[in-house]
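Novice:
Residue numbers (the working numbering), protein chains in the order written: chain F, 1 to 59; chain R, 60 to 237.
Here it is in structure tokens:
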């Protein structure tokens with residue numbers, strides 16, 4: 001059986017199905033946790049989305 | 060309308076203001092110098108084909124490359140930008156789809172054929188560039204999930220982006236040119 005691709009991102013998406021839920025969750029996550037999601041995410045738009053919630057990110 | 064007020068120039072860097080001004084006054088410089096000339100005096104010189112639902116200009120390979128070159132500048136933060144205005148965008152719905160660009164060298168004809176297919180399915184006939192740390196990536200906004208997945212699978216893409224949910228939808232590909 002093959003391993004699931006992008007397990008962190010898919011688990012995050014399963015846990016927080018709406019954009020609002022994701023934004024709320026990301027705003028409470030540490031930069032290290034967000035970096036792990038960014039590293040696992042194959043999509044540039046996804047990386048951009050997650051990175052906006054890092055503490056040092058520009059508003 | 061006062062254009063300068065509409066653009067909120069006070070909050071922009073000089074580079075951004077210059078980029079937008081050049082885009083508005085374009086037709087010469089912006090119509091494609093990346094190994095391929097656009098129609099003199101017009102934007103979106105590749106023309107033809109397409110039939111996108113929108114009415115924005117269709118950027119050429121030259122315009123895409125020019126936008127990518129500018130977005131590499133540190134004046135531009137990570138984000139998704141309109142290729143024609145270089146202004147940031149944030150959609151509430153629809154999907155972002157792309158094709159393999161890294162390490163590829165398409166001929167002008169190959170590139171035009173490919174992007175015209177994306178324009179055909181795009182919601183607005185516009186193209187976008189997503190910048191995250193490194194090389195900006197050209198992409199297209201597609202309203203239909205079915206169309207977005209079909210394009211992504213055809214071009215062996217790893218995923219598409221769902222703006223409404225913030226989901227990266229796995230489309231099973233490798234992201235490489237097959």
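Glycine included, each C-beta is placed from N, C-alpha and C at the ideal position.
Nothing here was measured: the structure is a model prediction, and the numbers come from that model.
Identify the continuous beta strand (DSSP E) that holds residue 199/R and give its terminal residues.
Specialist: According to the DSSP assignment, residue 199/R belongs to the beta strand (DSSP E) that extends over 196-201.
Novice: What does residue 48/F touch in chain R if you count any residue whose Cβ is under 8 Å from its own?
Specialist: 137, 138, 139, 189, 190, 191
Novice: Counting only Cβ pairs nearer than 9 Å, list the residues of chain R close to residue 51/F.
Specialist: 137, 191, 192
Novice: Since residue 156/R is in the alpha helix (DSSP H), which residue starts that stretch and which ends it?
Specialist: Element bounds for residue 156/R: not the alpha helix (DSSP H) but the beta strand (DSSP E), 154-156.
Novice: Using the C-alpha atoms, what's the distance from residue 222/R back to residue 151/R?
Specialist: 6 Å
Novice: Measuring alpha carbon to alpha carbon, tell me which of 215/R, 124/R, 130/R ends up nearest residue 192/R.
Specialist: 130/R
Novice: Quick one: what's got a C-beta closer than 6 Å to residue 108/R's C-beta in the same chain, skipping five residues either side?
Specialist: Its pLDDT being 34, under 50, residue 108/R is placed unreliably by the model, and the measurement read from it follows with that caveat. Same-chain partners within the cutoff: 175.
Novice: Which residues in the same chain as residue 53/F place their Cβ atom closer than 8 Å to its Cβ, once the five residues preceding and following it in sequence are excluded?
Specialist: 23, 26, 27, 29, 34
Novice: Can you tell me whether residue 141/R is buried or exposed? The criterion is at least 16 other CB atoms within 10 Å of its CB, across all chains shown.
Specialist: buried
Novice: Considering only their Cβ atoms, is the gap separating residue 48/F from residue 226/R smaller than 9 Å?
Specialist: no
Novice: According to the neighbour-count rule (16 or more other Cβ atoms, all chains shown, within 10 Å of its Cβ), is residue 103/R buried or exposed?
Specialist: Unreliable positioning characterises residue 103/R in this predicted model, as indicated by a pLDDT of 34, which lies under 50. The coordinate reading is nonetheless provided below. So residue 103/R counts as buried.
Novice: Of all the residues that make up the region 217-229 of chain R, which are near chain F by a beta-carbon distance shorter than 7 Å?
Specialist: 217, 218, 220, 223, 224, 225, 226, 227, 229
Novice: Under 8 Å by Cβ, that's how I've got residue 197/R and residue 186/R pegged, so tell me the actual separation to the nearest angstrom.
Specialist: Here residue 197/R really is in contact with residue 186/R; their C-beta atoms are around 6 Å apart, less than 8 Å.
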